[in-house]
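Participant: So for the sequence shown, my numbering puts the first residue at 8; every next one is plus one.
Where a beta carbon is used, it is the ideal one built from N, C-alpha and C, also for glycine.
What you are looking at is a predicted structure, and each value in this text was computed from that prediction instead of being measured.
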Amino acid sequence: MWAASHLGLPDGEDGHDDREKGAQSDLHNLRVACGSSNNYHSNRYFADQDSAETADKEGYFFPNVDTSDNLSGIHEYQGDWRGDTARIVFYMATMYDNLNVTDTPDDSPANSMGLLFVLLKWNTEDPVDAFERQRNERIFEYQGNRNPFIDHPELVNKIWNK
Numbered sequence: 008m009w010a011a012s013h014l015g016l017p018d019g020e021d022g023h024d025d026r027e028k029g030a031q032s033d034l035h036n037l038r039v040a041c042g043s044s045n046n047y048h049s050n051r052y053f054a055d056q057d058s059a060e061t062a063d064k065e066g067y068f069f070p071n072v073d074t075s076d077n078l079s080g081i082h083e084y085q086g087d088w089r090g091d092t093a094r095i096v097f098y099m100a101t102m103y104d105n106l107n108v109t110d111t112p113d114d115s116p117a118n119s120m121g122l123l124f125v126l127l128k129w130n131t132e133d134p135v136d137a138f139e140r141q142r143n144e145r146i147f148e149y150q151g152n153r154n155p156f157i158d159h160p161e162l163v164n165k166i167w168n169k
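1) Let's test the definition: count the other Cβ atoms within 10 Å of the Cβ of Pro134 and tell me whether it reaches 16, buried, or not, exposed.
2) For a quick check, are the C-beta atoms of Asn118 and Pro160 less than 8 Å apart?
3) Start and end of the alpha helix (DSSP H) containing Arg142?
4) Quick check on Arg153: does DSSP put it in helix, strand or coil?
5) For Leu106, does the three-state DSSP call read helix, strand or coil?
6) Report the rounded CA-to-CA distance for Phe104 versus Lys128, giving the unit in angstroms.
7) Can you tell me which of Thr111, Asp136 and Leu106 puts its alpha carbon nearest to the alpha carbon of Gln31?
8) If you measure from the beta carbon of Asp158 to each beta carbon in chain D, is any gap under 8 Å?
9) For Arg153, I'd like the list of residues in its chain whose CB is within less than 6 Å of its CB, leaving aside the five on either flank, ordered along the chain.
10) Quick one, are the C-beta atoms of Asn36 and Met99 less than 8 Å apart?
11) Return the CA-CA distance between Arg94 and Gly29, expressed in angstroms with no decimal places.
12) Spatial neighbours of Glu132 within its chain, please: CB distance less than 8 Å, with the 5 preceding and 5 following residues excluded, ordered by chain position.
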């Protein structure tokens, strides 16, 4: 079963004003995911997990993950989706004031997403590819705006890597 996965804003945290409420419908924030992977991701923050069990469980757009293992409250995407995920989160943090990217999501206010140092690493390790550029172009044609971190991934380090 397929689901729409919201990457850059925790479920049910759609902001307090009209601009922030648009975050849940922003196409840059939506990705197709298998239902079990989307449910498992839930509001877990993104991190690396050294686990042979997850190393080869890639799904169609996002990996299928073993939902029987809690993995300590984190969610790890494999391979080619890491940079995409990072750039979506950075876009959402830029567009919507109510989202905070941090290394300490458990100690931060609501709507905090992390881990920042992992997302910075993923942005570097998984560069923008043709699929991501085409997706950005299609969203621009429909929604009228682009993810600047796809067009200029170097902006990520200028903003967050201090």
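Facilitator: Per the coordinate set shown:
1) Position 127 of the sequence shown, counted from the start, is the residue given in the question as residue 134. Its Cβ having fewer than 16 others within 10 Å, Pro134 is exposed.
2) Position 111 of the sequence shown, counting from 1, holds the residue named residue 118. Position 153 of the sequence shown, counting from 1, holds the residue named residue 160. Taking 8 Å as the Cβ cut-off, Asn118 and Pro160 do not qualify as a contacting pair.
3) As a working note, residue 142 is residue 135 in the sequence shown. Residues Ala137 to Gln150.
4) Your numbering for residue 153 matches position 146 in the sequence shown. Looking at Arg153 - three-state DSSP - the assignment turns out to be coil, as it is neither helix nor strand.
5) Within the sequence shown, residue 106 is the residue found at index 99, counting from 1. Note: Leu106 maps to coil in three-state DSSP.
6) In the sequence shown, residue 104 corresponds to position 97, counting from 1. In the sequence shown, residue 128 corresponds to position 121, counting from 1. According to the sequence as given, residue 104 is Asp; it is not Phe. Rounded to whole angstroms, Asp104 to Lys128 spans 23 Å at the Cα level.
7) Locating residue 31 in the sequence shown gives position 24, counting from the first residue. The candidate whose alpha carbon is nearest that of Gln31 is Leu106.
8) As a matter of chain content, chain D is missing from the structure shown, which is built from one protein chain.
9) In the sequence shown, the residue the question calls residue 153 occupies position 146. Contacts found: Asn143 and Phe147.
10) Within the sequence shown, residue 36 is the residue found at index 29, counting from 1. Within the sequence shown, residue 99 is the residue found at index 92, counting from 1. Going by C-beta atoms, Asn36 is nearer than 8 Å to Met99.
11) Counting from one through the sequence shown, the residue named residue 94 turns up at place 87. Counting from one through the sequence shown, the residue named residue 29 turns up at place 22. Distance between the alpha carbons of Arg94 and Gly29: 18 Å.
12) Position 125 of the sequence shown, counting from 1, holds the residue named residue 132. Closer than 8 Å at Cβ, skipping near neighbours: Arg89 and Gly90.
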